[in-house]
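This note's numbering runs 156 ahead of the 1-based position in the sequence shown. Read through the structure below, which is laid out as structure tokens, and then see the notes.
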Amino acid sequence: MMLTSQAVRHHRLRAHHLLERLPAGALEEAAGACGMQNSPPGAWETAMFNRVTDCSREQLEEALYQNKTLLQAWSYRGAPVVFPTKERNVFLAPLAARNGEEPWIYTKGVGLALDYLGMTFDQLLPMVEKAAGYLDENTVVSKEELDRVLAQQAEPLLPREKLPLWRAPSMYGSPDRQTVGGAVVSFLLRPCAFRSLVVFGRRENDSPQFTSCRAWLGHPLAQPTEEEERELVRKFLRCYGPAVPRELGDWLGCTPAQAKRLWAGMEEELEPVTLEGKKCWMLSADPVEDGDEGRRLMLLGPHDPYLDLRDRSLILEDPRLQRLVWKTVGNPGAVLEGGVIKGFWRSAVKKGKLELKLTLWQQPDRAMAQRLAELGEEWACFRRLMLTKCQIETLP
């Protein structure tokens, strides 16, 4: 079966709930599509704003911190991700690598500390996991403090002769604030998160709190199943298909060996298709159908799930322009119309007031410029800020 780019964009917009907003209150459905990255902090809130009718930050905070129907933890690619609490075992457990599937992308850098300590990854991970048991009874404020506290908790588990090395200044850039042990903990927190040993709690001022999933939810946790592992791959294919195993690995941040294993568990549910001359696969139960992408205009935030794709040319053809949207650090937001990127945008808060600057590839007509200004006002209202400036310019 041969697919067109238009049909695939329509399919993905529908899967990401971007063809039109979901009904008010459908937060779990929106977050459950493929999770919502929360880096930079607040990114998931903007993603929700674009997907759910009458969405407010108060509703989001209630779902995350009071009702706890949503949960935040380090998930795919080691990033903080918000997803439905009931799908904890979908967004966490499958990410744990098995023997032969290393190195994990989020632990590669720990090698310097391992060499210094003369210890292996497999020796240290169980110690850090046991130290994380501290979070079953305690809450820690800030990532830096979490590294320090768990490094201290791990000390009784270490060979005595290793303690001076464990307590030595870190070789990772902050020797005055971090020890070698703290650096090891920092690298191994992601694998701990995949076992639900550490999750994000409330924010305290500008710092997140950390605790265990068991403590946060207040009840025993169900063990993960193979079906939940398969469901994670289904979510990827619904939102980013058609695809190939390498693209699954890129999205998860895992090695090719792990991506191949996860993909193999789904082979009976897949069917081959052709997109732009490339053979790839879709879910048999979720076929791509012809459809119009519509003309919905949106201000997608940085790292919006819809932008989290490898085949970027599908939504922005020009490689030169791609480099303006997908950067090594500091991605801007994207101006999206009909599933295609028409420009990018950035915001700044000055003295409690919001300023927006939108840069488009082409000069907008009056109707588009008016709608962009309205969207800026709507987003400012969602942020509980006054919009004092909305500048629209065209790329030179």
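Where a beta carbon is used, it is the ideal one built from N, C-alpha and C, also for glycine. Just so you know, these numbers come straight off a predicted model, no measurement behind them.
Would Glu511 pass as a contact of Ala504 if the rule is Cβ separation under 7 angstroms?
yes
Below 8 angstroms, how does it come out for the segment 424-439 and the segment 263-282: are there three or more Cβ pairs, yes or no?
no
Gly532 versus Trp437 - alpha carbon distance
38 angstroms
What is the DSSP secondary structure of Trp407, counted as helix, strand or coil?
helix
Residue span of the beta strand (DSSP E) that contains Gly357, given as start and end
Val355 to Glu360
Burial state of Leu388 (16 or more Cβ within 10 Å)
buried
Could you tell me which whole beta strand (DSSP E) segments of length 3 or greater appear in the segment 210-265?
226-230 and 236-240
Just tell me which of Pro376, Ser469 and Ser231 has its CA closest to the CA of Asn194.
Ser231
Segment contact flag, the segment 415-425 with the segment 459-473, C-beta cutoff 8 angstroms, min 3 pairs:
no
Once the 5 residues before and after Thr335 are set aside, which same chain residues still bring their CB inside 8 angstroms of it?
Arg304, Ala307, Trp322, Arg323, Ala324, Pro325 and Ser326
Per-residue burial, Leu377 [other beta carbons within 10 Å of its own, 16 or more giving buried]
exposed
Straight-line CA distance for Leu551 to Gln518?
7 angstroms
So, Gly486 versus Trp501, is the Cβ gap smaller than 7 angstroms?
no
Just to confirm, is the Cβ distance from Thr367 to Leu291 under 7 angstroms?
yes
Beta strand (DSSP E) containing Glu176: first to last residue?
No beta strand (DSSP E) holds Glu176; DSSP gives it neither H nor E.
Backbone CA spacing between Gln380 and Glu445 [nearest angstrom]
Residue 380 is actually Pro in this sequence, not Gln. Using only the alpha carbons, I get a separation of about 33 angstroms.
Val284 - DSSP class collapsed to helix/strand/coil:
helix
Beta carbon of Gly457, beta carbon of Ala180: below 7 angstroms?
no
Sequence ranges, beta strand (DSSP E) only - wholly within the segment 358-389, length at least 3:
363-367
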